[in-house]
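Q: Residues in the sequence shown are numbered from -3 upward in steps of one, following the numbering used here. Glycine included, every Cβ here is placed at the ideal spot set by N, Cα and C.
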Amino acid sequence: MANVTVIGGQWGDEGKGKIVDWLASRADVVARFQGGHNAGHTLVVDDRTYKLSLLPSGIVRGTLSVIGNGVVLDPWALKKEVETLTEQGVAVSPETLQIAETCPLILPFHRDLDALREDASGQGKIGTTRRGIGPAYEDKVGRRAIRVCDLAHLGDLGPQLDRLCAHHDALRAGFGEQPIDRDRLERELGEIADFVLQFARPVWLTLNEARQRGRRILFEGAQGVLLDVDHGTYPFVTSSNTVAGTAAAGTGLGPSAAGFVLGIVKAYTTRVGSGPFPTELADETGQMLGERGHEFGTVTGRKRRCGWFDSVLVRQSCAISGVTGIALTKLDVLDGFDELRICTGYWLGEQRLDHFPAHAADQARVEPIYEVMAGWRESTAGARSWADLPAQAIKYIRRVEELIQCPVTLVSTSPQREDTILVRDPFAG
Ligand code: GDP
Ligand code: IMO
Ligand code: MG
-3 MANVTVIGGQ WGDEGKGKIV DWLASRADVV ARFQGGHNAG HTLVVDDRTY KLSLLPSGIV
57 RGTLSVIGNG VVLDPWALKK EVETLTEQGV AVSPETLQIA ETCPLILPFH RDLDALREDA
117 SGQGKIGTTR RGIGPAYEDK VGRRAIRVCD LAHLGDLGPQ LDRLCAHHDA LRAGFGEQPI
177 DRDRLERELG EIADFVLQFA RPVWLTLNEA RQRGRRILFE GAQGVLLDVD HGTYPFVTSS
237 NTVAGTAAAG TGLGPSAAGF VLGIVKAYTT RVGSGPFPTE LADETGQMLG ERGHEFGTVT
297 GRKRRCGWFD SVLVRQSCAI SGVTGIALTK LDVLDGFDEL RICTGYWLGE QRLDHFPAHA
357 ADQARVEPIY EVMAGWREST AGARSWADLP AQAIKYIRRV EELIQCPVTL VSTSPQREDT
417 ILVRDPFAG
């Protein structure tokens, strides 16, 4: 029985939430393995919309949901999200949610530092979600983090907090900020501890046992390969590895657990935050893509930048992440365009490139080379079978497959759960 790992193939917001929700009906466990509440995954079920940031998208269907050790966890954001979902009628209990005891915590001063740095960076700012993601990962790697399991030993936390506060107070002083209010921090941790601890488990064990029993695990990636801290458009990236390989290390399973790697890819391109974007359209067409695709950030409400499909970037993402097949989403947003463009290479000065250069200055300078295709007049919105698609839309999909050197496994044609064309079942391996 194959597991499935879902990852974003571009700069995030490709529609991972919708696809994970759709696949979750056939999974036994859904697991997040990196990122935190910088993610914003939207699920539309009939007339209900669910927005998930930290919780795995399987939770809405009642599938066992696991937050792996690779995630950075803001306890207060967790509580808020659980409360919102409960109000929406979704049951969240230790029977449906497990959190790794080894997750590092995002604390209030991580959020402060994220914002202080962004505000001080002027033009050079990354445009982070200001959730404290980067500073929390820094403390994890710096071996200073407070983790979920520490919440069960608050009385022993003194020396750890001393070290952590000393580190942050020096940084805060550099920004002219007051030191951390240690009493308040300890009080707030004390107040939230039991809420988090009710979900804390050795999730590596849960997942390994599930694997032994032949259960299907669906790994839910956040962000996208182009935001990966190693492989993305550095420094305009997030602070975790977003590639499929992280599914194993971020949950406590071996590398063979990833199974079928499903790359979620939008039929055009968007990006939120700063950084290079070769096919970005600053014109009416870009505006139209944004309006028709409702391209506003789920987490921050920021307008997403829009542009044509970039096959060079997606081919690179698929190769780097070992993508088995892609889910092509938001095809319906391309309905009604007279012509569509696909980027097939770049000019860097006189040099023709078939991959994205590593240096930020070169990434910002490349000029896209386009192939022009005829669009289609018919609507693809809500299509659920190949036969529902106009010939020209099928041509577009086939050309995308050819250029990215990776087959299309699913096509998504609306935000709704069931408006999905299944080409090949990823769980069948
Ligand atoms: P994620 O971060 O990858 O889960 O994606 P987001 O939820 O942030 O953004 C994707 C947006 O597109 C959401 O509003 C979805 O409801 C919506 N969406 C997903 N698939 C489709 C689709 O095939 N067509 C249209 N029109 N919207 C879609
Ligand atoms: P989902 O899972 C799109 C972007 C931010 C910023 C950069 C760093 O919904 O696809 P961070 O707060 O992580 O330090 O910000 O990464 N970013 C996302 N963009 N979708 C996301 O998640 C993102 N998570 C972070 O906009 O450019
Ligand atoms: Mg999103």
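In its own chain, which residues sit with a C-beta less than 8 Å from the C-beta of residue 390, not counting the 5 before and 5 after it?
A: The sequence position of residue 390 within the sequence shown is 394, counting from 1. Taken in chain order, the residues that qualify are 382.
Q: Residue 355: buried (16+ other C-beta within 10 angstroms of its C-beta) or exposed?
A: To locate residue 355, count along the sequence shown from 1; it is residue 359. Per the 10 Å Cβ criterion, exposed.
Q: The ligand MG heavy atoms versus the CB of residue 9: any closer than 7 Å?
A: Along the sequence shown, read from residue 1 onward, the residue named residue 9 stands at position 13. Yes; taking the cut-off as 7 Å, the Cβ of residue 9 has a heavy atom of the ligand MG nearer than that.
Q: By the 10 Å Cβ neighbour count, where 16 or more other Cβ atoms means buried, how is residue 138 classified, buried or exposed?
A: Counting from 1 along the sequence shown, the entry for residue 138 is found at position 142. Exposed, since its Cβ has fewer than 16 Cβ neighbours within 10 Å.
Q: Measuring only the C-alpha atoms, how far is residue 123 from residue 268?
A: As a working mapping, residue 123 is identified with position 127 in the sequence shown. As a working mapping, residue 268 is identified with position 272 in the sequence shown. Those two C-alpha atoms are separated by around 8 Å.
Q: So residue 16 packs on residue 55, CB below 8 Å; how close in whole Å?
A: Within the sequence shown, residue 16 is the residue found at index 20, counting from 1. Within the sequence shown, residue 55 is the residue found at index 59, counting from 1. Their Cβ separation, rounded to whole angstroms, is 10 Å, which puts residue 16 and residue 55 out of contact at 8 Å.
Q: Skipping 5 residues on each side, what residues in its chain have a beta carbon closer than 6 Å to that of residue 200?
A: Taking the sequence shown and counting its residues from 1, the one referred to as residue 200 is at position 204. Excluding positions up to five away in sequence, the list reads 248.
Q: The ligand MG and residue 35: does the residue's C-beta get closer than 7 Å to at least one heavy atom of that ligand?
A: As a first step, residue 35 must be located in the sequence shown, where it is residue number 39. It does: the Cβ of residue 35 is within 7 Å (strictly closer) of some heavy atom of the ligand MG.
Q: Which whole-angstrom value is the C-beta distance of residue 88 and residue 28, which I expect to be below 8 Å?
A: Counting from 1 along the sequence shown, the entry for residue 88 is found at position 92. Counting from 1 along the sequence shown, the entry for residue 28 is found at position 32. Going by Cβ atoms, the distance from residue 88 to residue 28 rounds to 14 Å, so no, they are not a contact pair.
Q: If you compare alpha carbons, which of 189, 237, 349, 35 is closest to residue 309?
A: The count along the sequence shown starts at 1 and reaches residue 309 at position 313. Ranked by Cα distance from residue 309, the options 189, 237, 349, 35 are led by 349.
Q: Tell me whether the beta-carbon of residue 236 lies closer than 8 Å to the beta-carbon of residue 64.
A: Taking the sequence shown and counting its residues from 1, one reaches residue 236 at position 240. Taking the sequence shown and counting its residues from 1, one reaches residue 64 at position 68. Contact: no.
Q: Please report the straight-line C-alpha distance between residue 326 and residue 281, rounded to a whole angstrom.
A: Your numbering for residue 326 matches position 330 in the sequence shown. Your numbering for residue 281 matches position 285 in the sequence shown. Looking at the two C-alpha atoms, the distance is approximately 16 Å.
Q: Among the residues of its own chain, which have a CB less than 7 Å from the CB of residue 167, if the five just before and after it don't count?
A: For this step, residue 167 is matched to residue 171 along the sequence shown. So the list reads 109, once near-sequence residues are dropped.
Q: List the DSSP bridge partners of residue 366.
A: In the sequence shown, residue 366 corresponds to position 370, counting from 1. Per DSSP, 339.
Q: Check whether the segment 135 to 149 touches the segment 37 to 47, counting contact only when three or more Cβ pairs, one atom from each stretch, lie closer than 8 Å.
A: no
Q: Using the rule of at least 16 other Cβ atoms within 10 Å of the residue's Cβ for burial, across every protein chain shown, is residue 97 buried or exposed?
A: For the purposes of this step, residue 97 is identified with residue 101 of the sequence shown, where counting begins at 1. By the neighbour-count rule (16 or more Cβ atoms within 10 Å), residue 97 is buried.
Q: Does DSSP put residue 390 in a helix, a strand or coil?
A: Residue mapping note: residue 390 aligns to position 394 of the sequence shown, counting from 1. Correct three-state label for residue 390: helix.
Q: Assign residue 374 to one of three DSSP states: helix, strand, or coil.
A: Residue 374 sits at position 378 when you count from the first residue of the sequence shown. The answer is coil: DSSP assigns residue 374 none of H, G, I, E or B.
Q: For residue 154, count neighbouring Cβ atoms within 10 angstroms of its own Cβ and tell me buried if that reaches 16, exposed if not.
A: Here residue 154 is taken as the residue at index 158 of the sequence shown, counted from 1. Classification for residue 154: exposed.
Q: Measuring straight from C-alpha to C-alpha, what distance separates residue 427 and residue 338?
A: Since the displayed the chain opens at -3 and closes at 425, residue 427 lies outside it and no answer follows.
Q: To the nearest angstrom, report how far apart residue 232 and residue 238 are at their CA atoms.
A: What you label residue 232 is simply residue 236 of the sequence shown in a count that begins at 1. What you label residue 238 is simply residue 242 of the sequence shown in a count that begins at 1. Spanning the two alpha carbons is a distance of roughly 14 Å.
Q: Below 7 Å, is the gap between the Cβ of residue 313 and the nearest heavy atom of the ligand IMO?
A: Here residue 313 refers to the residue found at position 317 when the sequence shown is read from its first residue. In this structure, the ligand IMO has no non-hydrogen atom nearer than 7 Å to the beta-carbon of residue 313.
Q: Which first and last residues belong to the alpha helix (DSSP H) in which residue 140 is found?
A: For this step, residue 140 is matched to residue 144 along the sequence shown. For residue 140, there is no enclosing alpha helix (DSSP H), as DSSP gives it neither H nor E.
Q: Quick one: does the C-beta of residue 260 sit closer than 7 Å to a heavy atom of the ligand GDP?
A: Residue numbering aside, residue 260 sits at position 264 when the sequence shown is read from its first letter. Yes, the Cβ of residue 260 comes within 7 Å of a heavy atom of the ligand GDP.
Q: Measure the beta-carbon distance from residue 261 to residue 36 and round it to whole angstroms, keeping in mind my assumption that it falls under 8 Å.
A: As a working mapping, residue 261 is identified with position 265 in the sequence shown. As a working mapping, residue 36 is identified with position 40 in the sequence shown. Residue 261 to residue 36, Cβ: 18 Å. No contact.
Q: Where residue 366 and residue 340 are concerned, what is the direct C-alpha to C-alpha distance, given to the nearest angstrom?
A: Along the sequence shown, one-based indexing puts residue 366 at 370. Along the sequence shown, one-based indexing puts residue 340 at 344. About 6 Å.
Q: Flag residue 232 as yes when its Cβ comes closer than 7 Å to any non-hydrogen atom of the ligand IMO, and as no otherwise.
A: The residue given as residue 232 occupies position 236 in the sequence shown. With a threshold of 7 Å, the Cβ atom of residue 232 counts as near the ligand IMO, since some heavy atom of the ligand is closer than that.
Q: Does the structure place the segment 293 to 303 close enough to the segment 213 to 224 that three or more beta carbon pairs sit under 8 Å?
A: no
Q: Is the closest heavy atom of the ligand GDP to the C-beta of residue 408 under 7 Å?
A: Taking the sequence shown and counting its residues from 1, one reaches residue 408 at position 412. At least one heavy atom of the ligand GDP is nearer than 7 Å to the Cβ of residue 408, so yes.
Q: Give me the residue from 2, 1, 315, 8 with the minimum Cα distance to residue 301.
A: Residue 301 sits at position 305 when you count from the first residue of the sequence shown. When each option's Cα is compared against that of residue 301, the closest is 8.
Q: Between which two residues does the alpha helix (DSSP H) containing residue 313 stretch?
A: By one-based count along the sequence shown, residue 313 stands at place 317. 307 to 317 is the span of the alpha helix (DSSP H), which, as asked, contains residue 313.
Q: Just to confirm, does residue 294 get its C-beta within under 7 Å of one of the non-hydrogen atoms of the ligand MG?
A: Reading the sequence shown from its first residue, position 298 is the one you call residue 294. Within the cutoff, so yes.
Q: Between the Cα of residue 90 and the Cα atoms of 114, 104, 61, which residue gives the shortest distance?
A: Translated into the one-based positions of the sequence shown, residue 90 becomes position 94. Nearest of 114, 104, 61 to residue 90, Cα basis: 61.
Q: Do residue 136 and the ligand IMO come close, with the Cβ less than 7 Å from some heavy atom?
A: Locating residue 136 in the sequence shown gives position 140, where the first residue counts as 1. Incorrect: residue 136 has no Cβ contact closer than 7 Å to the ligand IMO.
Q: How is the alpha helix (DSSP H) around residue 180 delimited, first residue to last?
A: The residue given as residue 180 occupies position 184 in the sequence shown. 178 to 193 is the span of the alpha helix (DSSP H), which, as asked, contains residue 180.
Q: How would you call residue 321, buried or exposed, if buried means at least 16 neighbouring beta carbons within 10 angstroms?
A: Translated into positions along the sequence shown, residue 321 becomes position 325. So residue 321 counts as buried.
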